[in-house]
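Colleague: In order, the protein sequence lines correspond to chains A and B. Quick note: the first sequence uses the numbering used here, first residue 1, plus one each step. Quick note: the second sequence uses the numbering used here, first residue 215, plus one each step.
2 protein chains.
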Amino acid sequence: MNDHSFIAMSATSTRRLAAVKAPPATDKRDAILRAAVKVFARHGYFQSQVADVARVAGVAAGTVYLYFRSKDDLLVSIFERTMKDAIDEGRAALAGVPDPEARLRRIARLHLERLGRDRELAVVVQVELRQSIKFMERFSSSYLQDYLTIIRRAIADGQDAGTFRRDVNANTAAKVFFGALDEMATNWMLSRRKYDLAAEADVVVDLLIGGLGR
Amino acid sequence: MNDHSFIAMSATSTRRLAAVKAPPATDKRDAILRAAVKVFARHGYFQSQVADVARVAGVAAGTVYLYFRSKDDLLVSIFERTMKDAIDEGRAALAGVPDPEARLRRIARLHLERLGRDRELAVVVQVELRQSIKFMERFSSSYLQDYLTIIRRAIADGQDAGTFRRDVNANTAAKVFFGALDEMATNWMLSRRKYDLAAEADVVVDLLIGGLGR
DNA sequence: CGGGAATGAATGACCATTCATTCATCGCGA
DNA sequence: TCGCGATGAATGAATGGTCATTCATTCCCG
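1. So what does DSSP say about B/R428, is it helix, strand or coil?
2. Whole beta strand (DSSP E) runs in the region 99-161 of chain A with 3 or more residues, listed along the chain?
3. Which residue comes first and which comes last in the alpha helix (DSSP H) that contains A/D182?
4. Would you decide whether B/Q340 is buried or exposed? Buried here means 16 or more other CB atoms lie within 10 Å of its CB.
5. Is it right to say A/A201 is buried, meaning 16 or more other beta carbons lie within 10 angstroms of its own, or is it exposed?
6. Looking only at its own chain, which residues have a Cβ that is under 7 Å from the Cβ of A/L112, when we skip the five neighbours before and after it?
7. What whole-angstrom Cβ distance do B/A275 and B/P314 have, given they're in contact under 8 Å?
8. Rounded to whole angstroms, what is the Cα-Cα separation between A/G158 and B/P312?
9. Tell me, to the nearest whole angstrom, how far the beta carbon of B/Q345 is from that of A/G90; I am working on the premise that it is less than 8 Å.
10. Does the region 163-178 of chain A come close enough to the region 67-84 of chain A that 3 or more CB-CB pairs lie under 8 Å?
11. Does the beta carbon of B/R344 sit closer than 8 Å to a beta carbon anywhere in chain A?
12. Out of curiosity, what's the CA-to-CA distance linking A/R34 and B/S262?
13. Going along the region 387-413 of chain B in order, which residues come within less than 7 Å of chain A, judged by CB to CB distance?
14. Among A/R29, A/K84 and A/A86, which residue has its Cα nearest to the Cα of A/Y67?
15. So with CB distances below 7 Å, who are the chain A contacts of B/M350?
16. Quick check on the burial criterion: 16 or more other C-beta atoms within 10 angstroms. Buried or exposed for A/T82?
17. Ordered along the chain, which non-local residues of its own chain (more than five positions away) have a Cβ less than 8 Å from that of B/L329?
18. Does any residue of chain B bring its CB to less than 8 Å from the CB of A/L207?
19. Can you have a look at B/A255 and say buried or exposed, based on whether 16 or more other CB atoms are within 10 angstroms of its CB?
20. Measuring alpha carbon to alpha carbon, tell me which residue in A/M136, A/S191, A/F177 and A/K38 is nearest A/L207.
21. So with CB distances below 9 Å, who are the chain A contacts of B/I321?
22. Between the C-alpha atoms of A/K84 and B/G272, what's the straight-line distance to the nearest angstrom?
23. Thinking A/D146 and A/I87 are a contact (beta carbons under 8 Å), I'd like their distance in whole angstroms, please.
24. What did DSSP end up calling B/F293 once you bin it into helix, strand or coil?
25. To the nearest angstrom, how far is the alpha carbon of B/R331 from that of B/R323?
26. Just grab the DSSP bridge partners of B/F378 for me.
27. Using a beta-carbon distance below 8 Å, is A/S140 in contact with chain B?
28. Does the beta carbon of A/T82 sit closer than 8 Å to a beta carbon anywhere in chain B?
29. With respect to the alpha helix (DSSP H) encompassing A/L66, which residues constitute its N-terminal and C-terminal limits?
30. What's the gap between the Cα of A/V37 and the Cα of A/A161?
31. Does DSSP put B/F254 in a helix, in a strand, or in coil?
The following block contains the structure:
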């Protein structure tokens with residue numbers, strides 16, 4: 001079949017052939033996933049062939065299907081791994097930081113550091129993952145919501161503590177915050193210039209907390 | 215040919231068959247474009263067939279190619295028309311408004327009103343147009359830059375006038391501003407709830423100007 | 001040897017695009 | 001007013017090329 005639909009995408013894509021040979025399997029799986037990031041970043045998901053991914057990973061086309069259900073599953077796996085890593089890292093980094101403003105700074109920095117570290121991953125996350133409305137809906141209703149919740153909570157804490165204004169909806173503020181970071185990342189990824197993305201984190205947080213007015 | 219590449223996308227797609235019979239031609243062209251928005255919004259660009267667009271437009275498949283060079287050209291045309299309209303409307307609406315803060319409010323409102331008016335258009339603009347890195351690069355280097363420039367100018371004016379902080383880069387602030395609006399739109403488009411998107415404009419501007427801190 | 005892992009040629013859909021044909025309209029001469 | 005050829009818009013079946021996916025076969029390690 002040559003079926004492009006995202007409908008059949010399953011969330012249970014991480015484990016596969018959970019046989020005895022986990023370590024070598026994991027190695028190869030990773031190689032394929034890394035190759036997919038590279039190829040998708042360069043040509044875009046729909047313009048990429050599974051055979052290209054296989055070639056870059058140094059395996060045969062059929063091998064991809066020993067580790068992934070379908071081409072879709074490649075994209076979904078990249079996405080799930082990245083989001084899971086990001087959210088785990090975020091939670092860990094925030095564990096010992098009670099101050100709301102410091103938490104926001106931390107989130108901003110982690111967000112931009114992660115994407116700024118790997119341009120190809122940034123391309124896939126900022127562009128290729130947003131392929132279709134179907135995919136976006138799944139994405140936004142799960143991981144993005146979790147991520148927004150983390151931001152919203154920091155903001156609400158700040159409001160409770162009295163350091164943040166109470167007359168803005170914490171949810172709206174969280175969306176604005178995320179949108180600002182997202183746009184910084186997209187702009188960086190599309191820019192020719194090789195500036196340091198993570199360095200923008202503090203600037204953005206300063207602006208959002210201090211406001212543009214004086 | 216069954217070529218998906220965005221490379222050959224041409225900007226000169228608006229005029230076509232500029233013969234004596236302009237009115238009927240434009241009508242049909244519009245119908246096809248409207249159908250394309252509808253179909254792309256529902257299934258996603260790559261999952262949509264040209265034949266579907268034709269069916270929804272009430273014409274035969276071949277007819278699409280009398281008005282558009284290719285399937286790509288449909289997407290490009292939607293995008294160019296939308297951006298052109300938005301920038302024209304923006305310039306006009308800003309003409310008699312000298313106050314920087316009022317200008318920003320105006321921009322925010324127009325931005326969210328336009329997308330909030332037509333959910334299908336919003337889907338195409340917020341998701342489908344961001345298909346591939348190739349397309350994003352073309353997009354961001356032309357229209358998006360123009361749009362960001364309009365925002366940046368308002369901010370720089372405010373800084374010159376002394377109503378806005380001078381210690382933030384106007385360009386960064388413009389990206390943050392755009393990112394915030396963009397995220398509000400995306401969230402609205404993905405949300406089940408039918409709230410009024412344009413109503414968020416003032417809230418966002420208040421937050422960005424006043425800041426989250428107190 | 002035995003068996004799982006890997007291979008890559010072959011398969012079978014799918015679908016953008018083309019183009020021979022049909023259809024509708026119009027100008028013009030009688 | 002009618003008839004008739006000319007024009008070009010519209011049609012949709014056919015084409016051709018592309019790939020995702022499969023699976024019979026081979027490889028390699030223990």
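The beta-carbon is built from N, C-alpha and C at its ideal position, and this holds for glycine as well. Because the structure is a prediction, the values reported are computed rather than measured.
Modeller: Taking the coordinates as given:
1. If you number the second sequence from 1, residue 428 of chain B lands on position 214. Here B/R428 sits in coil by DSSP.
2. none
3. For the purposes of this step, residue 182 of chain A is identified with residue 182 of the first sequence, where counting begins at 1. Taken as a continuous stretch (DSSP letters only), the alpha helix (DSSP H) holding A/D182 covers A170 to L190.
4. Numbered from its first residue, the second sequence carries residue 340 of chain B at position 126. Answer is buried; the Cβ neighbour count reaches 16.
5. To locate residue 201 of chain A, count along the first sequence from 1; it is residue 201. Buried, by the Cβ-count rule.
6. Indexing the first sequence from 1 puts residue 112 of chain A at position 112. Cβ neighbours of A/L112 beyond the five flanking positions: L181, M184, A185, L197, A198, E200 and A201.
7. Walking along the second sequence from the start, residue 275 of chain B turns up at place 61. Walking along the second sequence from the start, residue 314 of chain B turns up at place 100. In fact, because the Cβ distance is near 50 Å, the residues do not count as touching under 8 Å.
8. For the purposes of this step, residue 158 of chain A is taken as the residue at position 158 of the first sequence. For the purposes of this step, residue 312 of chain B is taken as the residue at position 98 of the second sequence. Taking the straight line joining both Cα atoms gives about 35 Å.
9. Your numbering for residue 345 of chain B matches position 131 in the second sequence. Your numbering for residue 90 of chain A matches position 90 in the first sequence. Contact doesn't hold; Cβ gap of about 28 Å is too wide.
10. no
11. One-based indexing of the second sequence puts residue 344 of chain B at position 130. Chain A, which has a Cβ nearer than 8 Å to the Cβ of B/R344, makes this yes.
12. If you number the first sequence from 1, residue 34 of chain A lands on position 34. If you number the second sequence from 1, residue 262 of chain B lands on position 48. The straight-line gap from Cα to Cα measures roughly 29 Å.
13. A387, K389, V390, F392, G393, A394, D396, E397, M398, N401 and L404
14. Residue numbering aside, residue 67 of chain A sits at position 67 when the first sequence is read from its first letter. Selected option, being the one with the closest Cα: A/R29.
15. Against the second sequence, residue 350 of chain B aligns to sequence position 136. What B/M350 touches in chain A: V127 and L190.
16. Position 82 of the first sequence, counting from 1, holds the residue named residue 82 of chain A. Buried, by the Cβ-count rule.
17. Working through the second sequence from its first residue, we reach residue 329 of chain B at position 115. Taken in chain order, the residues that qualify are L335, A336, V339, Q340, A399, W402, M403 and L411.
18. Position 207 of the first sequence, counted from the first residue, corresponds to residue 207 of chain A. At least one chain B Cβ lies under 8 Å of A/L207.
19. In the second sequence, the residue the question calls residue 255 of chain B occupies position 41. The residue in question, B/A255, is buried, as its Cβ has 16 or more Cβ neighbours within 10 Å.
20. Stepping through the first sequence from its first residue, residue 207 of chain A is reached at position 207. It is A/F177 whose Cα lies nearest to the Cα of A/L207.
21. Locating residue 321 of chain B in the second sequence gives position 107, where the first residue counts as 1. Within chain A, no residue comes near B/I321; the closest Cβ sits about 13 Å away, beyond 9 Å.
22. The residue you call residue 84 of chain A lines up with position 84 of the first sequence. The residue you call residue 272 of chain B lines up with position 58 of the second sequence. Roughly 46 Å between the two C-alpha positions.
23. For the purposes of this step, residue 146 of chain A is taken as residue 146 along the first sequence, with counting starting at 1. For the purposes of this step, residue 87 of chain A is taken as residue 87 along the first sequence, with counting starting at 1. That pair is a contact at about 6 Å.
24. Position 79 of the second sequence, counted from the first residue, corresponds to residue 293 of chain B. Residue state, collapsed to three classes: helix.
25. As a working note, residue 331 of chain B is residue 117 in the second sequence. As a working note, residue 323 of chain B is residue 109 in the second sequence. If you take the alpha carbons of B/R331 and B/R323, they lie about 12 Å apart.
26. As a working note, residue 378 of chain B is residue 164 in the second sequence. In DSSP, B/F378 forms a bridge with A/G213.
27. In the first sequence, counting from the first residue as 1, residue 140 of chain A sits at position 140. With 8 Å as the cut-off, A/S140 counts as an interface residue toward chain B.
28. Translated into the one-based positions of the first sequence, residue 82 of chain A becomes position 82. For A/T82, the answer is no, since every Cβ of chain B falls outside 8 Å of its Cβ.
29. Residue mapping note: residue 66 of chain A aligns to position 66 of the first sequence, counting from 1. From DSSP, the alpha helix (DSSP H) with A/L66 extends over A61 to Y67.
30. The residue labelled residue 37 of chain A in the question sits at position 37 within the first sequence. The residue labelled residue 161 of chain A in the question sits at position 161 within the first sequence. Whole-angstrom Cα-Cα distance: 42 Å.
31. Along the second sequence, one-based indexing puts residue 254 of chain B at 40. Three-state result, B/F254: helix.
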